[in-house]
Amino acid sequence: MALDWQPIWLTLQLATVTTALLLIIGIPVALWLANATSRFKPVVEAIISLPLVLPPSVLGFYLLLAFSPSRALGKFLSENFDLQLVFSFAGLVVGSIIYSLPFMVQPVQAGLEAIPSSLKEASYTLGKSKLETLLKVILPNIKPSLLTGMVLSFAHTIGEFGLVLMIGGNIPDQTRVVSIAIYHEVETLDYASAHIYSFILLILAFSILLSVYLLNKRLVKAF
Amino acid sequence: MIQIQIQKSLLMAEGKLNLDVDFRLEMGSFCTLYGKSGAGKTTILKILAGLVQPDAGFIQVNDQVWLDTAKNINLAPQKRNIGFVFQDYALFPNMTVRENLVYAAQSKEDLSAIDDLLQRASLLSLADRKPLTLSGGQQQRVALVRALVRKPPILLLDEPLSALDLEMRQLLQDQIYQLHKSFGTTTLLVSHQLSEIYRLSDQIISLDKGKVIAQGPPAEIFGKERLSSKIQLVGEVLAIKKSDVIYILDVLIGNNIIKTVATEDEVTNLQPGDTVTVFTKAFNPIIKKR
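Taken in sequence, the protein lines are chains A and B. Read in my numbering, the first sequence has 99 at position 99, and its numbers run on one by one without any break. Just so we're on the same page, my numbering is the position in the second sequence counted from 1, plus 1000.
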């Protein structure tokens, strides 16, 4: 029996791209939340945290409607950018970013809130801009939080199923990630392949979490 | 000449405080902001540094206006060129001692002066250590020289010695004074320790509840009540013991326990833990160097 490795590569690709983009999106969002005094802050926090409690199928259903080429947003994207977000890899990336956003934002926000404001102030009085302060003082001092955010986002993206099924379907090489492949193998009664896929995911998830705890212990010691 | 005039309402632990101060400082002077905690001392430093915005105010340093709320002028902290030593030192934990100083440097001259600064603060041997592995006194010295790397004309010190023991404090007082002299900075120190203030400053601004209540040289400010032929000590009552018709009081003054005699009238209403003033008149103290 030859196992199709494509779902595994696709899953790792999706998780890597999602995590990288989440890092770029999540840090500014967390920065805003950590410093915000606006009365809209709780609203924004609630929206970002929605994927924690909402069934993935609900999120997937709304995204499916929004991305559909017959609706405003989907039409706009497909006409102006030739971007097809339904049943495509790009759509999975967008969905995963929304789905895993709280897993990036929450640890980073907590890290930013725990850092004494005098560090930031000291950097300003030494003539450093906000950006330089962020890159050289703030972010290096919340490494454990950044690492936690990245690993949780990566692992959470690997584990998603309902959302992928709703907006991605089950297209080989396009949207068939491991979790979908397992469902597919079980449906076609190929239990052997389902076993292998499941076991790979189990080991992957465990080793990711183990490495984050080991690394965090070392990082905390280093300070 | 530095001219500072600020108003801000603050929410302190003790309640609302209206900070309303107006004072001038000579360039090159060493001035101490003195007052109880909650008097608004730290806030004044932060407003001067541009880290806190006052409700209304005007700050001018020599010919340069840093803040004028009436004209909407407000220089960013980055552009004010001040050295700030924070109460918690605010050393960057991700950088070594030397990297902390290198980060502060703005020019090649600043960089080449770093070894000299480390040497002066006896930190050369610790240059490659991370700040959190250093003692409080060492961290304080790093914070002080880091604030001086850019050779700022103004140095702001926010209770820099409050977390240190007596011996270390005296050592660092000398160091602060020497650096102040050799860099020719205008130094503004926040402190409520009299010995520190007396040794270091040539100007004192005494604050109470957000207002300046006195400004002048230390001898003038403290001279009126604190320095006289009377000796007056404040201490805490540790124990009251009855002995025949009199009472023996153990009073903690500084680090010394003094036994003193009291009459029954004096000890009524007194109990251990109370703060008392012990004074004696017409005495001729003998002073001996230790």
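The beta carbon of each residue, even a glycine, is placed where N, CA and C say it ideally should be.
- When secondary structure is reduced to three states using DSSP, residue 1089 (chain B) falls in the coil class, being assigned neither helix nor strand.
- At a cut-off of 3 residues, the continuous stretches assigned as beta strand (DSSP E) that sit fully inside the segment 1193 to 1236 of chain B are 1203 to 1208 and 1211 to 1216.
- Taking a cut-off of 8 Å for Cβ pairs, the segment 1076 to 1084 of chain B and the segment 96 to 108 of chain A do not touch, as fewer than three such pairs fall below it.
- Of B:1006, B:1250 and B:1073, the smallest CA-CA separation from residue 1040 (chain B) is found for B:1006.
- Between residue 1025 (chain B) and residue 1203 (chain B) a beta carbon distance of about 7 Å is seen, short of the 8 Å cut, so the two are scored as contacting.
- In the DSSP assignment, residue 1250 (chain B) falls within the unbroken beta strand (DSSP E) covering 1246 to 1253.
- Contact annotation: residue 121 (chain A) and residue 1051 (chain B) have beta-carbon atoms nearer than 8 Å.
- Think of a sphere of 8 Å around the beta carbon of residue 1051 (chain B): the chain A residues whose beta carbon falls inside it are 121, 124 and 125, in chain order.
- Residues of the segment 129 to 142 of chain A that bring their beta carbon within less than 8 Å of a beta carbon in chain B comprise 129, 136, 137, 140 and 141, in sequence order.
- Comparing alpha carbon positions, the residue from B:1047, B:1065, B:1263 and B:1004 closest to residue 1023 (chain B) is B:1004.
- Residue 1255 (chain B) has a beta carbon lying at 8 Å or more from every beta carbon in chain A.
- The segment 72 to 88 of chain A and the segment 182 to 197 of chain A do not touch, with fewer than three beta-carbon pairs separated by less than 8 Å.
- A direct Cα-to-Cα measurement between residue 40 (chain A) and residue 48 (chain A) gives close to 13 Å.
- Distances from the alpha-carbon of residue 25 (chain A) to those of A:97, A:15 and A:214 put A:97 closest.
- By the beta-carbon neighbour count (other beta carbons within 10 angstroms, threshold 16), residue 106 (chain A) is buried.
- Residues of chain B whose Cβ lies closer than 7 Å to the Cβ of residue 118 (chain A) are, in chain order, 1086, 1088 and 1090.
- Not flagged as an interface residue toward chain A: residue 1176 (chain B), since no C-beta distance is shorter than 8 Å.
- Boundaries of the beta strand (DSSP E) harbouring residue 1059 (chain B): 1056 to 1061, taken from the DSSP string.
- Rounded to the nearest angstrom, the gap between the Cα atoms of residue 175 (chain A) and residue 207 (chain A) is 25 Å.
- Looking at the backbone, the Cα of residue 1122 (chain B) and that of residue 1138 (chain B) are separated by about 9 Å.
- Burial of residue 1066 (chain B) is indicated by the presence of at least 16 other C-beta atoms within 10 angstroms of its C-beta.
- With a beta-carbon spacing of about 16 Å, residue 1176 (chain B) and residue 1149 (chain B) fall beyond the 8 Å limit used to define contacts.
- Closer than 8 Å to the CB of residue 1094 (chain B) there is at least one CB belonging to chain A.
- Contact annotation: residue 1250 (chain B) and residue 1233 (chain B) have beta-carbon atoms that are not nearer than 8 Å.
- Judged by their CB atoms, residue 119 (chain A) and residue 108 (chain A) are not nearer to each other than the 8 Å cut-off.
- Here residue 211 (chain A) is not near residue 22 (chain A), since their CB atoms are 8 Å or more apart.
- About 6 Å separates the Cβ atoms of residue 1097 (chain B) and residue 1129 (chain B), confirming a contact at the 8 Å cut-off.
- For residue 1158 (chain B), the three-state secondary structure derived from DSSP is strand.
- Looking at A:130, A:191 and A:60, the one whose alpha-carbon comes closest to that of residue 1077 (chain B) is A:130.
- The beta carbon of residue 1077 (chain B) sits closer than 8 Å to some beta carbon of chain A.
- For residue 1104 (chain B), the closest Cβ of chain A is nearer than 8 Å.
- At the C-beta level, residue 80 (chain A) and residue 148 (chain A) stay beyond 8 Å of one another.
- In the three-state reduction of the DSSP assignment, residue 111 (chain A) falls in the helix class.
- Per DSSP, the unbroken beta strand (DSSP E) holding residue 1015 (chain B) starts and ends at 1015 to 1025.
- The alpha-carbon separation between residue 1155 (chain B) and residue 1191 (chain B) amounts to approximately 14 Å.
- Bridge pairing for residue 1009 (chain B): B:1018 [DSSP].
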